[in-house]
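In terms of our numbering, the sequence shown opens at residue 56 and continues consecutively.
Beta carbons: idealized from backbone N, C-alpha and C, even for Gly.
Heads up, the thing below is written out as structure tokens.
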Amino acid sequence: MKIDILTIFPELFEECFSFGMPRLAIERGLLNVDAHDLRAWTKNKHKQVDEEPYGGGPGMVMKPEPLVDGISDILGHSPTLMSKGERSILLTPQGKRLDQRVVEDLSLSKRILLVCGRYEGMDERVRSYVTDEISIGDYVISGGEMAAMVIVDAVTRLIEGVLGEKDSLIDESFINDRLEYPQYTRPPVFNGDYVPQVLLSGNHQDIDEWRKNQAKARTKSRRPDLIKPD
Ligand code: SAM
Numbered sequence: 056m057k058i059d060i061l062t063i064f065p066e067l068f069e070e071c072f073s074f075g076m077p078r079l080a081i082e083r084g085l086l087n088v089d090a091h092d093l094r095a096w097t098k099n100k101h102k103q104v105d106e107e108p109y110g111g112g113p114g115m116v117m118k119p120e121p122l123v124d125g126i127s128d129i130l131g132h133s134p135t136l137m138s139k140g141e142r143s144i145l146l147t148p149q150g151k152r153l154d155q156r157v158v159e160d161l162s163l164s165k166r167i168l169l170v171c172g173r174y175e176g177m178d179e180r181v182r183s184y185v186t187d188e189i190s191i192g193d194y195v196i197s198g199g200e201m202a203a204m205v206i207v208d209a210v211t212r213l214i215e216g217v218l219g220e221k222d223s224l225i226d227e228s229f230i231n232d233r234l235e236y237p238q239y240t241r242p243p244v245f246n247g248d249y250v251p252q253v254l255l256s257g258n259h260q261d262i263d264e265w266r267k268n269q270a271k272a273r274t275k276s277r278r279p280d281l282i283k284p285d
């Protein structure tokens, strides 16, 4: 998968994909990520990407020209002529809320372009040049870069061949509309708190049953909204 990021702070991405799953995916040739400096598409001396909002008000708004020129150049074609498997995503708190289903859908893409806003956001007209608008949650952060990092990480985990069998996604939270069961490791007793006996029993059928019940109970108590009616 190819992922491009359009940002005024490409340097923020220098280290962040050198760890964990993204690094593994890059090393295995399954992921190629590039962060592009939006200022490369400015035409003014000061490489200015923002202007005061029409109608007044606080803060600055990102100008449409560098964003749309950047999107076109990175894609290598008109942003309005997207082919199957290509997604261009504007990161905005006003977008569709990211969840595991959205991540699964994105993971089927061949190519994703993530467009990061700053300041008070972008000129409204940029919206016509992307396929999607995504929010990472109902809160406002100061720039789209961290939202882009979240998406790259979450999508990378689902690229075939990134997670080994031992890291199987089957039981993971939000897969199959469940939270994962509780996990324990050594020592068997910590500050008087015991690991459930069944996990030490070596009986895999009992362990599977216990985990299934725990996942169900945990989802019911913490996230009943995930449970689909039968
Ligand atoms: N004034 C905008 C509003 O009220 O909708 C918020 C602008 S925010 C300070 C600046 C940039 O951060 C946005 O353009 C967007 O790219 C990014 N951003 C902020 N919150 C986000 C969220 N929840 N999800 C995705 N991107 C977000």
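Provide the residue span of the beta strand (DSSP E) that contains residue i, from first to last.
| i | result |
| --- | --- |
| LYS57 | 57 to 62 |
| GLU200 | No beta strand (DSSP E) contains GLU200, which is instead part of the alpha helix (DSSP H) from 200 to 211. |
| VAL88 | 87 to 92 |
| ASP187 | 187 to 190 |
Cα separation between residue i and residue j?
| i | j | result |
| --- | --- | --- |
| ILE214 | GLY111 | 45 Å |
| THR186 | GLN149 | 14 Å |
| ARG152 | ILE191 | 6 Å |
| GLU286 | ILE60 | Only positions 56 to 285 of the chain appear in this structure, which leaves residue 286 out of reach. |
| LEU218 | MET76 | 8 Å |
| LYS100 | ASN87 | 32 Å |
| PRO279 | ARG233 | 9 Å |
| GLY130 | PRO237 | Here the sequence assigns Leu to residue 130, which means Gly is not the residue at that position. Answer to the nearest angstrom: the Cα atoms are 43 Å apart. |
Can you look up residue i in the DSSP assignment and give me helix, strand or coil?
| i | result |
| --- | --- |
| GLN149 | strand |
| ARG142 | strand |
| PHE229 | coil |
| ARG180 | helix |
| ARG173 | coil |
| GLU66 | helix |
In the DSSP assignment, find the unbroken alpha helix (DSSP H) run with residue i in it and report its ends.
| i | result |
| --- | --- |
| VAL123 | 119 to 130 |
| ALA80 | 75 to 82 |
| HIS259 | 259 to 277 |
| ARG156 | 155 to 161 |
| VAL217 | First-last for VAL217: undefined, no H or E at that position. |
In terms of alpha-carbon separation, which member of the options lies closest to residue i?
| i | options | result |
| --- | --- | --- |
| ARG273 | ASP248, HIS101, ASN258 and GLU227 | GLU227 |
| VAL210 | SER138, LYS57, ALA95 and VAL158 | VAL158 |
| PHE74 | ARG277, ARG212, ALA270 and ASP160 | ARG212 |
Open item on the list: I'd like to know if the segment 78 to 97 and the segment 58 to 68 are in contact, where contact means that at least 3 CB-CB pairs between them fall below 8 Å.
Closed with: Short answer: they touch.
Open item on the list: Check whether the segment 162 to 169 and the segment 141 to 153 touch, using three or more Cβ-Cβ pairs below 8 Å as the test.
Closed with: Touching, yes, given that three or more Cβ pairs across the two stretches are closer than 8 Å.
- [ ] Specify whether the segment 196 to 211 and the segment 233 to 244 touch according to this definition: at least 3 beta carbon pairs, one from each stretch, less than 8 Å apart.
- [x] Counting Cβ pairs under 8 Å, fewer than three are found: no touch.
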